[in-house]
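Since the structure comes first, as structure tokens, the remarks are kept for the end.
Protein chains: 2
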Amino acid sequence: MQKPTFFRSTALALAAAFLCPSALLAAPDAAALRDAALKDEIAWDIVEGLTTEIGPRLAATPKEAQARDWAVAKLRSLGFANVRIETYRMPSWERGREEARVVVPFDQPLAVTALGNSGSTGPDGLKAEIAYFRTLADLEAAPQGSLKGKIAFVSHAMKASQDGSGYAPYGQVRRIGPSIAAAKGAAGIVIRSIGTDSHRLPHTGSTRFEPGVAPIPAAALSIPDAENLERMLKRGRPVRLRLLLTPRFPGEQESGNVIAEVPGSDPGAGIILVAGHLDSWDLGTGAIDDAAGIAIVAAAAKRIMDAGRPRRTIRILWAGAEEVGAYGGQAYFAAHGHEKHVLVMESDFGADRVWRAHYRLPAAARPVRDRIASALADLGIVSSALPARGGADIEPLVNAGISVIDLQQDGTRYFDLHHSADDTLDKIDPAQLAQNVAAWTAVLSIAANAKEILH
Amino acid sequence: MQKPTFFRSTALALAAAFLCPSALLAAPDAAALRDAALKDEIAWDIVEGLTTEIGPRLAATPKEAQARDWAVAKLRSLGFANVRIETYRMPSWERGREEARVVVPFDQPLAVTALGNSGSTGPDGLKAEIAYFRTLADLEAAPQGSLKGKIAFVSHAMKASQDGSGYAPYGQVRRIGPSIAAAKGAAGIVIRSIGTDSHRLPHTGSTRFEPGVAPIPAAALSIPDAENLERMLKRGRPVRLRLLLTPRFPGEQESGNVIAEVPGSDPGAGIILVAGHLDSWDLGTGAIDDAAGIAIVAAAAKRIMDAGRPRRTIRILWAGAEEVGAYGGQAYFAAHGHEKHVLVMESDFGADRVWRAHYRLPAAARPVRDRIASALADLGIVSSALPARGGADIEPLVNAGISVIDLQQDGTRYFDLHHSADDTLDKIDPAQLAQNVAAWTAVLSIAANAKEILH
Ligand SMILES: [Zn+2]
Ligand SMILES: [Zn+2]
Ligand SMILES: [Zn+2]
Ligand SMILES: [Zn+2]
């Protein structure tokens with residue numbers, strides 16, 4: 001039933017757009033702002049600046065603090081109001097040395113990186129036999145204690161998709177695999193990177209050990225290295241690995257959100273929150289994850305601001321510490337969850353073009369949705385029948401039931417780069433980045449000025 | 001004048017191929033052997049084995065020695081005659097730690113790798129201001145002494161091309177840039193990698209210091225890092241770099257060539273030498289450089305051997321120590337240069353398809369050339385008007401005037417991978433590798449059995 005409904009409503013919206021201009025008061029402005037944004041250079045300037053002048057900015061480190069100061073200066077220079085840092089404290093983790101080497105039956109170094117929250121091997125490293133599992137299910141099926149003294153290796157391979165739908169299931173190897181292996185007595189675990197490229201650059205990301213399970217050394221191999229290790233294992237002889245990982249847990253440290261606003265003319269009309277995250281993993285310069293996202297939302301908000309005061313306040317959240325547990329989004333909700341948010345949106349899936357929009361709006365906001373869908377259609381963006389779900393930094397607000405719209409980016413090559421050293425500025429296509437700004441500008445222009453309720 | 005001659009001769013060859021079968025006694029066999037080789041699995045097996053069981057095999061190290069033993073076992077198991085190692089001694093160089101970090105005005109790590117023959121910064125590293133040069137010509141133009149205490153940075157960018165023609169001129173930055181910078185008093189030098197990719201994987205390769213010029217620390221930045229450094233420099237403030245490189249020169253060590261043969265039926269007809277190199281750089285597993293090359297020549301030679309004894313001896317040379325100065329090729333020439341070589345060929349440009357053939361043959365071998373060109377045309381391979389030039393391992397024989405044929409591979413993506421950690425098995429397309437074997441099989445079948453002289 002969803003598809004017919006979807007197509008009928010889209011057809012109605014398109015008919016309205018072409019036949020009933022009087023119903024679409026905000027549309028002409030939105031269209032003009034949208035098209036001007038296709039030449040946007042603000043977002044590029046932000047991404048270029050943050051990746052060049054700050055670079056890697058792991059949560060709760062001095063680099064993330066430098067990034068906050070940089071962000072405040074940048075947002076003030078763009079003319080936003082109420083630019084501020086809101087700090088909070090959080091547990092921290094820091095990468096140390098990382099080396100892996102097959103020592104039996106062959107002798108080869110492997111490209112490896114520790115997962116966030118990995119335990120340490122100690123400075124002398126760990127030498128152990130590999131226990132191989134093709135899938136997470138195979139690891140889960142291993143008998144209790146059967147991994148004693150071994151290094152588990154799980155090679156489950158994710159494939160690329162436009163909607164990134166492989167990440168939720170395959171990413172579980174990273175998220176819960178280490179805790180499962182530890183609970184079964186493993187001395188350590190290496191996984192095939194949760195990625196879709198073929199480069200010697202492993203992909204990091206957080207893992208989480210269940211309460212009562214002591215962290216073991218946990219690392220990702222680059223995909224060519226994981227495949228090499230698989231080939232070694234296929235020869236049928238025991239394979240021994242030397243693993244050296246020396247991450248540290250420096251305890252509670254300071255992190256923070258950066259907030260800025262385009263004040264609305266009608267204080268009762270509520271806040272539209274647009275978010276991305278300022279922190280990044282430490283391996284790359286965090287260009288696609290998530291300098292692009294924070295740049296897109298700020299560039300679109302600036303375009304609305306420069307076009308005249310909108311009805312609703314647009315609040316920009318450049319959240320801290322998303323990568324390591326979404327601490328910034330939780331701190332924001334604790335401080336601001338009681339305020340009147342009427343729409344929340346997040347950009348955190350790279351810098352390639354928006355191809356699809358998801359909505360979660362009340363029935364009374366249907367005309368707004370239709371105007372937005374019409375404005376997006378001109379950019380080649382289709383409406384999805386799936387509900388909008390937001391992102392990690394706005395998750396508490398989404399869970400509280402606030403309206404949400406997702407502008408979903410093309411994720412076909414996102415996991416080639418995600419959480420690896422290869423997340424750098426050169427991967428961003430300025431034209432696709434500007435298309436994002438245009439889509440966000442269209443949505444914000446319509447939503448911030450709509451007479452109808454959004455929530 | 002070359003083009004008309006070329007087209008006319010090709011037309012004659014094609015006419016001969018279709019109209020005069022009696023003139024082409026060897027051709028039917030060559031075509032059948034060629035087409036069977038399109039299903040070749042021997043070459044893949046060699047590349048897969050060497051990259052999985054040995055991996056990196058830097059010249060004059062224990063890993064190169066392991067590779068020689070592996071090679072002898074593999075060539076014997078394939079049934080070749082006179083399989084042997086011929087050792088020689090040579091100066092050696094070993095990579096140490098390598099780190100680079102911008103410390104002023106920003107703070108970012110850069111992906112870096114030492115060039116072969118680089119000097120050491122010592123264990124404490126070197127901190128110095130960058131002196132930026134867009135091109136090698138700009139570095140050459142710098143006044144004597146103007147680099148005193150600085151780290152030179154040259155960012156000359158090579159572009160990809162099918163024939164790899166960018167490597168000779170742009171590679172000069174790596175080959176002679178460090179010696180030029182050292183002579184002008186530089187404390188160190190970093191260059192943009194001689195590569196065509198956009199990954200955080202720097203490309204190594206040998207540099208050479210002129211006699212009387214003491215080696216300085218010399219390294220390549222990955223291309224995204226070189227571009228990041230350029231963006232920092234464009235901001236107009238002094239940029240300071242911390243560079244740590246601790247390579248060593250362990251003195252004279254043993255290296256060696258591996259040789260195998262398909263004995264010919266007519267000892268007076270001379271030797272056809274087919275070569276590639278067994279050593280690799282230490283960053284990748286040396287799949288495209290040059291496991292592919294040694295695999296292609298051996299797979300083709302085995303196919304000729306299995307089809308019955310050829311008239312001429314085919315000698316396989318898996319040379320040692322090509323990457324660091326072609327010591328293996330020189331040692332081979334010193335030991336065997338006096339023997340009757342009638343044709344020399346080398347495969348050392350990756351594993352992508354052969355698209356063009358170059359020839360340097362005497363006029364009396366024109367019918368052989370025409371039969372070869374005809375057999376290659378079926379594989380989509382065109383004849384070049386440029387003379388064949390061989391490769392580094394056969395260069396002394398080429399310089400001595402021996403006949404040579406080049407089967408030139410498509411190099412469009414070769415320098416994405418070349419001399420970087422990304423030179424691994426996953427980059428090889430089995431179908432293109434087999435096309436190489438088919439081309440070599442066709443050439444060897446015709447040349448080894450030709451009644452005409454080749455030289
Ligand atoms: Zn993110
Ligand atoms: Zn992320
Ligand atoms: Zn080579
Ligand atoms: Zn090479």
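Here the protein sequences line up with chains Y and U, keeping their order. Under UniProt numbering, the residue at position 88 of the first sequence is numbered 88, and the numbers go up by one with no gaps. Under UniProt numbering, the residue at position 319 of the second sequence is numbered 319, and the numbers go up by one with no gaps. For glycine and all other residues, C-beta sits at the position ideal for the given N, C-alpha and C.
query: Cβ pair count under 8 Å reaching 3, the region 132 to 146 of chain Y against the region 184 to 197 of chain Y; result: yes
query: Stretch pair the region 195 to 213 of chain Y + the region 104 to 122 of chain Y: three plus CB contacts closer than 8 Å; result: yes
query: Y:I394, DSSP secondary structure in three states; result: helix
query: Below-7 Å beta-carbon distance, U:A106 vs any chain Y residue; result: The sequence shown places Phe at residue 106 of chain U, rather than the Ala named in the question. Yes, its Cβ sits closer than 7 Å to a Cβ of chain Y.
query: Minimum Cβ-Cβ distance from Y:L14 to chain U less than 7 Å; result: Bear in mind that a pLDDT of 44 at Y:L14, under 50, signals an unreliable position, so the model cannot answer this.
query: Residue-level contact to chain Y via CB, U:E230, 7 Å cutoff; result: no
query: Opening and closing residue of the alpha helix (DSSP H) in which Y:R353 lies; result: No alpha helix (DSSP H) contains Y:R353, which DSSP labels as neither H nor E.
query: Below-7 Å beta-carbon distance, U:A442 vs any chain Y residue; result: no
query: Chain-ordered list of residues that sit, by beta carbon, closer than 6 Å to a heavy atom of ligand 1; result: Y:H277, Y:D289, Y:D290, Y:E322, Y:D348
query: Where U:E227 meets chain Y, residues with beta-carbon distance less than 9 Å; result: T424, L425, D426
query: Interface residues of the region 40 to 60 of chain Y facing chain U [CB-CB below 9 Å]; result: E48, T51, T52, E53, I54, G55, P56
query: Proximity test, Cβ basis, 7 Å: Y:A114 and chain U; result: no
query: Where Y:S347 meets chain U, residues with beta-carbon distance less than 9 Å; result: What Y:S347 touches in chain U: nothing, since even the nearest Cβ is about 22 Å away.
query: Burial state of U:T52 (16 or more Cβ within 10 Å); result: buried
query: Run of the alpha helix (DSSP H) containing Y:L233, from where it starts to where it stops; result: 223 to 234
query: Nearest to Y:A295 (by Cα), restricted to the options Y:D348, Y:R192, Y:N82; result: Y:D348
query: Helix, strand or coil at Y:V297 according to DSSP, with G and I counted as helix; result: helix
query: In DSSP terms, what U:S255 is bridged to; result: U:Y88
query: Under 7 Å between C-beta atoms of U:H203 and U:I194; result: yes
query: Cβ-Cβ distance between Y:G329 and Y:I288 below 7 Å; result: no
query: Proximity test, Cβ basis, 7 Å: Y:R34 and chain U; result: no
query: Cross-strand partners of U:Y170 (DSSP beta bridge); result: DSSP output for U:Y170 lists no bridge partner at all.
query: Short CB-CB distance (under 7 Å) between U:P224 and chain Y; result: yes
query: For Y:G286 and Y:D69, believed in contact at Cβ under 8 Å, the rounded distance; result: Contact doesn't hold; Cβ gap of about 16 Å is too wide.
query: Residue interval of the beta strand (DSSP E) (run including U:G276); result: 271 to 277
query: Below-7 Å beta-carbon distance, residue 480 of chain U vs any chain Y residue; result: This structure does not reach residue 480 of chain U, given that chain U is present from 1 up to 455, and the question cannot be answered.
query: Start-end ranges of the alpha helix (DSSP H) lying completely within the region 106 to 188 of chain Y, minimum 4 residues; result: 136 to 141, 167 to 170, 172 to 183
query: Residues that U:L201 contacts on chain Y, provided the C-beta gap is smaller than 8 Å; result: H199, R200, L201
query: Cα-Cα separation between U:F249 and U:W440, rounded to whole angstroms; result: 38 Å
query: Rounded separation between U:A448 and U:R311 - CA only; result: 6 Å
query: Cβ pair count under 8 Å reaching 3, the region 82 to 101 of chain Y against the region 56 to 70 of chain Y; result: yes
query: Per-residue burial, U:A334 [other beta carbons within 10 Å of its own, 16 or more giving buried]; result: exposed
query: Where the region 393 to 422 of chain U meets chain Y: residues whose CB sits under 7 Å from a CB there; result: A421, D422
query: Neighbourhood of residue 461 of chain Y by C-beta, 6 Å cutoff - its chain only, sequence neighbours within 5 removed; result: The shown model of chain Y, from 1 to 455, leaves out residue 461 of chain Y, and the question about it has no answer.
query: Check: Y:Q162 C-beta below 6 Å from any heavy atom of ligand 6; result: For ligand 6, the structure offers nothing, since it holds only ligand 1, ligand 2, ligand 3 and ligand 4.
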